[in-house]
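FYI, the numbering for the sequence shown is -9 to 346, going by our numbering.
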Amino acid sequence: MARPTIRDISRLTGLSTYTISQALRGAEGVSDESRARVLAAANDIGYIPNRAAQDLRRTNRDSVGLITASTSNSYYLDLIGGIQSMVQSLAWTVIIADVAVDGHYDAAQEDRTVRRLIEARVAGVISTLTLRKENTDLLSKWDIPVVFVDSSAPAEAPDLPSVTTDNYQASMLVGDHLADHGYKHWLFLAYPAIWSTRVEREHGLRDAAANAGAVLTVVESANDAVSASQALKNYLDTSGQLPDVLIAGNNPMLLGALEHFRLRGLSVPNDIAVVGYDEFAWSNLIHPPLTLLNERSGEIGQEAARTLSEIVLAQDASEKRGQGSVPVYRPEHQKQVGAELIIRQSCGCAHGRPGT
């Protein structure tokens, strides 16, 4: 696919290439009307200026972009560590950008991030969030491969690589354990569905609850601990009923829930049991030790980086043969990593056990 150039913008706008260059650089001497026409045309065709050298031929593939969606979630720390450990052997660097600072997704930040990564001549992108179609199209236009982790490939591009957990089966695993306890009222404290894992997690919990004859209530919160605590407070204040168990959708939801239970004077698991997604390093040091689903995020990060490196190295080989640099995606580039439930005491088990 031919990459858009300043000449393409000139044909669309009728302006000279000099005027377009000045407008794109933000230089003086260009009218507001002309600048607006240039920027609109550049955006429409996916033109990206190279701020480093005005040359986007990626002759040195030595860095990758990692787009995260809230680094306040400790899940991402192990994920990043797994990616770093893999690309280190290739002497690559990782450029990290967060498009959901403090758990609040920003579409404009996603757009800026994708463009900056293209400008930086990254070899490829690993994204923890399902990117907007406009941005996957833009990466494709510049032959930059993308691998999704902890998120699904966009519905419009289902062939894009991904390394995920089978969140439906993982949630069934959680639900089966809650059923063993005989819990009948489950509360799922969930983050927004823009994080694609939410859908399958809720789906699995709903089916598990139905199988157990239990009632599942879903309370949605913004993806940060403060919002989670407030959402839980609002629900408990109005429902008049304390559920048997709270299922925290991720680490920020878990932190918010535990903070609110402390303020409310509730004891875990005596007053309410707690189970969460995403194991973290010190979860067994909390009182009581936490029952959590371990998704092996470090392993997911390694597998994502391995998949991306395979695609990029194949691009290099193709270019050397004079066959172009379009990334080639294969079915085996879509992978899933198994999860395990780490059973401790917050779920109501008197003595935890390593896993199931």
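For each residue, glycine too, the CB sits at the ideal point set by N, CA and C. All figures in this text were calculated on a predicted structure; none of them were measured in a lab.
Residues that DSSP places opposite residue i in a beta bridge
i              : result
asparagine 284 : Glu330
glutamine 324  : Ser152
glycine 55     : Ile85 and Val115
threonine 207  : Leu177
valine 139     : Val153
Spatial distance of residue i from residue j (CA atoms)
i              : j              : result
arginine 311   : alanine 294    : 26 Å
valine 84      : asparagine 213 : 25 Å
lysine 123     : valine 115     : 15 Å
arginine 196   : aspartate 306  : 46 Å
glutamate 300  : valine 77      : 11 Å
serine 315     : glycine 93     : 35 Å
leucine 331    : serine 0       : 58 Å
glutamine 220  : leucine 253    : 11 Å
serine 75      : tryptophan 82  : 10 Å
threonine 297  : alanine 30     : 35 Å
valine 89      : threonine 118  : 10 Å
arginine 106   : aspartate 149  : 24 Å
aspartate 96   : alanine 147    : 22 Å
arginine 27    : isoleucine 10  : 9 Å
arginine 47    : leucine 56     : Low local confidence applies: a pLDDT of 44 at arginine 47 is under 50, so the model's placement there is unreliable, with the coordinate-based value given in what follows. Looking at the two C-alpha atoms, the distance is approximately 21 Å.
glycine 203    : proline 144    : 34 Å
valine 327     : glutamate 23   : 52 Å
glycine 172    : lysine 325     : 34 Å
threonine 367  : serine 287     : Nothing in the structure corresponds to residue 367, since the chain is present only between -9 and 346.
alanine 80     : glycine 19     : Note that residue 80 corresponds to leucine in the displayed sequence, not to alanine. Leucine 80 and glycine 19: Cα-Cα distance of roughly 46 Å.
arginine 188   : glycine 255    : 29 Å
proline 182    : glutamate 192  : 11 Å
glutamate 285  : glutamate 269  : 7 Å
glycine 194    : asparagine 260 : 26 Å
valine 136     : histidine 250  : 39 Å
leucine 128    : glycine 4      : 24 Å
asparagine 201 : serine 229     : 24 Å
asparagine 125 : glutamine 231  : 44 Å
arginine 102   : arginine 51    : 21 Å
leucine 2      : isoleucine 73  : 41 Å
leucine 248    : isoleucine 262 : 11 Å
Residue i - DSSP class collapsed to helix/strand/coil
i              : result
tyrosine 319   : coil
alanine 147    : coil
serine 186     : coil
isoleucine 134 : coil
alanine 198    : helix
alanine 42     : Residue confidence for alanine 42 is low, a pLDDT of 45 falling below 50, so the modelled location carries little weight and cannot support an answer.
threonine 3    : helix
glycine 172    : coil
histidine 363  : Residue 363 lies beyond the range of the chain shown here (-9 to 346); nothing can be said about it.
asparagine 63  : coil
arginine 122   : coil
alanine 340    : coil
glutamine 335  : coil
isoleucine 290 : helix
isoleucine 301 : helix
histidine 277  : coil
glycine 72     : helix
aspartate 101  : helix
8 Å Cβ cutoff met for residue i and residue j
i              : j              : result
alanine 238    : valine 264     : yes
serine 142     : serine 152     : yes
alanine 329    : alanine 218    : no
isoleucine 350 : valine 164     : Look at the range of the chain in this structure, -9 to 346, and you will see that residue 350 is not part of it.
alanine 340    : valine 318     : no
valine 258     : tryptophan 176 : no
alanine 215    : leucine 245    : yes
glutamate 354  : tyrosine 158   : The structure shown has nothing for residue 354, since the chain only spans -9 to 346.
proline 242    : arginine 334   : no
aspartate 71   : glycine 291    : The question names aspartate, but residue 71 in the sequence shown is glycine. In this structure, glycine 291 lies closer than 8 Å to glycine 71 by Cβ.
alanine 110    : serine 53      : yes
asparagine 240 : tyrosine 267   : yes
methionine 162 : alanine 199    : no
isoleucine 86  : isoleucine 38  : no
alanine 98     : tryptophan 185 : no
arginine -3    : alanine 13     : no
serine 336     : leucine 275    : no
valine 208     : alanine 180    : yes
leucine 222    : valine 139     : no
glutamate 100  : leucine 67     : no
Interface flag, residue i vs chain C, CB-CB below 8 Å
i            : result
arginine 106 : The question asks about chain C, but that chain is absent: this structure has only one protein chain.
inquiry  = As an exercise, report each continuous alpha helix (DSSP H) stretch of at least 4 residues that is fully enclosed by the segment 5 to 32, in chain order.
reply    = 7 to 15
message = Threshold first: 4 residues or longer. Then list the alpha helix (DSSP H) segments lying entirely within the segment 200 to 274, N to C.
response = Every alpha helix (DSSP H) of 4 residues or more that sits fully in the segment 200 to 274 is shown, in chain order, as 215 to 229 and 241 to 254.
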